[in-house]
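Have a look at the structure below, then the notes.
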Amino acid sequence: SAVISQKPSRDICQRGTSLTIQCQVDSQVTMMFWYRQQPGQSLTLIATANQGSEATYESGFVIDKFPISRPNLTFSTLTVSNMSPEDSSIYLCSVGVAGGISGEQYFGPGTRLTVT
Amino acid sequence: LAKTTQPISMDSYEGQEVNITCSHNNIATNDYITWYQQFPSQGPRFIIQGYKTKVTNEVASLFIPADRKSSTLSLPRVSLSDTAVYYCLVVRGRLTGGGNKLTFGTGTQLKVEL
Chain R
79 SAVISQKPSR DICQRGTSLT IQCQVDSQVT MMFWYRQQPG QSLTLIATAN QGSEATYESG
139 FVIDKFPISR PNLTFSTLTV SNMSPEDSSI YLCSVGVAGG ISGEQYFGPG TRLTVT
Chain H
236 LAKTTQPISM DSYEGQEVNI TCSHNNIATN DYITWYQQFP SQGPRFIIQG YKTKVTNEVA
296 SLFIPADRKS STLSLPRVSL SDTAVYYCLV VRGRLTGGGN KLTFGTGTQL KVEL
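Following this line, the structure appears as C-alpha cells:
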C-alpha cells in the first residue's frame, strides 16, 4: 500500500488569493489524481497528473484555475487560483497502483479549504 | 462508464449483517465493480473489487449476479465503527500505467447503532 500525505491539512484563505496544496507519496507512482469534495457531497475528479506531461482536466475544470505540477514520481501540487467562497471544499489526492487491480487507489487525508 | 444507483442511507444495529445493493444497468464487458468506504474527515478507503460471482476479503463480501447489472456489498456483523459512507463505483478494466480515474456517485450513508 502507499502512504500519502497532504499539506496543509486545512487553511482559511481570503477571496482572490491562491493556495497551493502539496501531495507526497512514499513510493514512486505513475498516475496521481486530484479530487474535490464539497461539504456533504461526493467526490469529483478535477484532473489526472502524470509525471513529465501536462495534467488532464475533467469537464468543468481548467488549468488556469487549478494549475497542477508533477515534478517527479512521488510528488504533486494543486493550486487553487483566484479563490472565491465557492472553492471552499476538501481537496484530495490519490494514487493508483502500477499493475494493481483497476479500481484500487489510495487517498490522502485531504486539505480542507475555507475561502472567506 | 455505467451510472450507479444505491440507497442514500441505511440504518443497522451492531452485530447485524448489512447488505448494500448497487445497480449499474449499463455496465460494459470490461468494467469492474469497486466499493469504497469513507469516514468523516478522511479520504475514501478501498474495500473490495470484483468482476463476477463472489469476492470475499477480510472486510466484506461482494456478490455480483450473472448479468452484472447489480452488485451487493455485504458487511458481516457490523459495529459502530462501520458507520460511514459507502460508494459503489464502476471502473474500466485494468489499464497500464498504474491508474484509472474514478467516478464517485452519491454513496450510501450507513449508520450503525447499539
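Protein chains in written order, with this note's numbering: chain R, 79 to 194; chain H, 236 to 349. For each residue, glycine too, the CB sits at the ideal point set by N, CA and C.
Counting C-beta pairs with one atom in each stretch, the region 120-130 of chain R and the region 237-249 of chain H have fewer than three that are closer than 8 Å, which means they do not touch.
Interface with chain H (8 Å Cβ-Cβ cutoff): L156/R is excluded. When C-beta atoms of the region 260-271 of chain H are compared with those of the region 314-331 of chain H, three or more pairs fall below 8 Å, so the two segments count as touching. Neighbourhood of L170/R in chain H, by CB distance below 9 Å: G278 and P279, in chain order. Pairing R148/R with I282/H, the inter-Cα distance amounts to about 28 Å. Here the alpha carbon of G181/R sits roughly 7 Å from the alpha carbon of L337/H. Under the 8 Å criterion on CB atoms, E182/R is classed as interfacial with respect to chain H. The beta carbons of I99/R and L156/R sit closer together than 8 Å. Segment contact: the region 249-259 of chain H against the region 154-171 of chain R, fewer than three CB-CB distances shorter than 8 Å; contact not assigned. Considering only beta carbons, the part of the region 183-194 of chain R lying closer than 9 Å to chain H consists of Q183, Y184, F185, G186, P187, G188 and R190, in chain order. Under the criterion of beta carbons closer than 8 Å, Y248/H and E348/H qualify as touching, at roughly 6 Å. Counting along the chain, no beta strand (DSSP E) covers N260/H, and no H or E run does either.
Membership of N150/R in the beta strand (DSSP E) is indicated by the continuous run I146 to N150.
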